[in-house]
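Numbering (this note's numbering), first residue to last: 382 to 653.
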């Protein structure tokens with residue numbers, strides 16, 4: 382059952398989402414060669430708690446960490462480790478926070494040093510596909526419209542679109558209805574209604590779409606060992622149209638990236 386949010390609840394969810402956004406922005410300054418994902422996890426937990434929120438992942442489904450850090454061929458759900466990041470790596474940092482009884486949950490894929498050009502292109506296309514999917518989150522459209530848009534855009538580049546893992550509704554629980562696959566058929570699935578809030582999160586592989594789980598019971602990796610990229614935003618349907626509650630602006634500021642990709646999905650310009 383889709384749980385519709387009031388305008389007041391959506392504003393509370395925006396605050397929860399922005400705690401995650403600020404956490405990712407803080408981490409963007411720390412992610413570099415030689416740093417461990419365990420160190421990033423410690424920084425993130427301290428930051429979230431210092432800002433009056435609780436880590437959204439830690440303890441959820443027995444998750445042991447604040448962050449899920451997926452390096453190179455890891456798709457999602459990578460547990461933090463003491464293995465230092467190295468030049469040429471990529472790492473998807475997925476983070477959640479609980480504030481005002483609502484969850485925020487989003488992710489960004491970072492580059493470390495000299496990343497291969499084919500991987501850079503995968504990052505670019507995956508990020509673009511996120512916004513292409515968000516465009517379809519309109520009142521009256523359906524789940525399949527979002528998935529179709531993402532799938533078509535990424536498969537046109539020869540990439541694998543992960544099937545086993547999907548986006549989701551978001552609210553007082555981390556995972557609510559509806560599931561939001563990154564593949565699908567137009568006009569199929571649950572209909573979008575005013576006040577819905579969802580997390581859209583394309584998980585796109587350089588090679589095959591097929592994945593497997595490691596023995597740690599968490600980390601999902603590509604079957605062929607090729608890189609995977611993951612981006613995620615929290616979005617509400619407001620006045621019939623998608624409005625992004627999270628932002629990559631803090632990450633972009635830290636990394637010196639100039640972007641207007643979120644502008645079309647905000648009523649008001651985002652100010653840091």
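Quick reminder that beta carbons are idealized off the backbone N, C-alpha and C, glycines included.
Beta-carbon proximity of residue i to residue j, cut-off 7 Å
| i | j | result |
| --- | --- | --- |
| residue 479 | residue 461 | no |
| residue 584 | residue 457 | yes |
| residue 611 | residue 488 | yes |
| residue 510 | residue 476 | no |
| residue 571 | residue 524 | yes |
| residue 651 | residue 628 | yes |
| residue 520 | residue 560 | no |
| residue 588 | residue 615 | no |
| residue 469 | residue 600 | no |
| residue 504 | residue 538 | no |
| residue 406 | residue 635 | yes |
| residue 394 | residue 527 | no |
| residue 493 | residue 414 | yes |
Residue from the options whose Cα sits closest to the Cα of residue i
| i | options | result |
| --- | --- | --- |
| residue 390 | 610, 590, 481, 497 | 481 |
| residue 517 | 429, 385, 624 | 624 |
| residue 500 | 601, 548, 424, 586 | 586 |
| residue 640 | 384, 508, 452 | 508 |
| residue 497 | 620, 642, 607 | 607 |
| residue 580 | 529, 505, 484, 392 | 484 |
| residue 453 | 603, 399, 505, 404 | 603 |
| residue 529 | 393, 567, 492 | 567 |
| residue 437 | 573, 398, 533, 622 | 398 |
| residue 590 | 609, 533, 400, 597 | 609 |
| residue 621 | 486, 442, 455, 573 | 573 |
8 Å Cβ shell around residue i - same chain, five flanking residues per side excluded
| i | result |
| --- | --- |
| residue 678 | For the chain, the structure presents residues 382 to 653; residue 678 sits outside this window and is missing. |
| residue 417 | 461, 462, 463, 464, 465, 466 |
| residue 569 | 523, 524, 525 |
| residue 439 | 426, 445, 446, 447 |
Classification of residue i by the beta-carbon crowding that lies within 10 angstroms, buried from 16 upward
| i | result |
| --- | --- |
| residue 445 | exposed |
| residue 495 | exposed |
| residue 565 | buried |
| residue 434 | buried |
| residue 512 | buried |
| residue 430 | exposed |
| residue 386 | buried |
| residue 540 | buried |
| residue 550 | buried |
| residue 388 | exposed |
| residue 400 | buried |
Beta-ladder partner(s) of residue i, from DSSP
| i | result |
| --- | --- |
| residue 617 | 578, 624 |
| residue 611 | 584 |
| residue 594 | 601 |
| residue 569 | DSSP output for residue 569 lists no bridge partner at all. |
| residue 473 | 451, 490 |
| residue 395 | According to DSSP, residue 395 bridges with nothing at all. |
| residue 558 | 383 |
Same chain, Cβ closer than 6 Å to residue i, five either side skipped, listed in chain order
| i | result |
| --- | --- |
| residue 402 | 627, 628, 631 |
| residue 582 | 548, 613 |
| residue 531 | 510, 514, 563, 583 |
| residue 384 | 552, 557 |
| residue 594 | 601 |
| residue 472 | 450, 452, 491 |
Own chain partners of residue i with C-beta closer than 7 Å, once the 5 adjacent residues on each side are dropped
| i | result |
| --- | --- |
| residue 545 | 592 |
| residue 642 | 512 |
| residue 648 | 624 |
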